[in-house]
């Protein structure tokens, strides 16, 4: 019986697709602390995670994977060190529709590094289909500015195979 358990955290700003990505790779509906937005609600986004999302699945080798989603709003920043404890890595999820995506990338990489500079990190960018002129180059520039050379990919958070691709890239980063 495999007694090893792996813990993965998804981090990033509100509305990037963390909860959706968790739903796509886990076997159960996540335990969620979604609450109605008190301000900033849109047609597509009416709730936000206030503490965490959680679900689990099995990796291909049978290892249980615990998947946590971090709240994206700064007022819940106190949850970050708690959720990162014992995590093997983080997928930073960013929304291509956000005009300040490069600044958000830099912010999240610095935040995570300040908490645990040994974490494996991968950046995933969602909603690129909504931005015909999207370029990943500003994200690469932000990554270089932080000094942590981490891989960055575009992906559809609703797609299990694409989300697992990020997880596999994260596992490679750990080696």
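Residue numbers (the numbering used here): 4 to 178. All C-beta atoms in this analysis are idealised placements derived from N, C-alpha and C, irrespective of residue type, glycine included. As the structure is a computational prediction, the values presented were derived from the model and not from experiment.
Closest residue to residue 170 among 115, 60, 89 (Cα-Cα distance)
60
Taking residue 24 as part of the alpha helix (DSSP H), name the residues at either end of that continuous run.
21-28
DSSP three-state assignment for residue 13, whether helix, strand or coil
strand
Leaving out five residues before and five after residue 44 in sequence, what residues of the same chain have Cβ atoms less than 6 Å from its Cβ?
Residue placement at residue 44 cannot be trusted, given a pLDDT of 47 that sits under 50; what the coordinates show is reported in the next sentence. Contacts found: none.
With H, G and I counted as helix, E and B as strand and the rest as coil, what does DSSP make of residue 44?
Residue placement at residue 44 cannot be trusted, given a pLDDT of 47 that sits under 50; the coordinates are not used to answer.
In angstroms with no decimal places, state the Cα-to-Cα distance between residue 92 and residue 140.
23 Å
Which runs of the beta strand (DSSP E) fall wholly inside the segment 46-128 and span at least 3 residues, in chain order?
50-61, 67-72, 92-98
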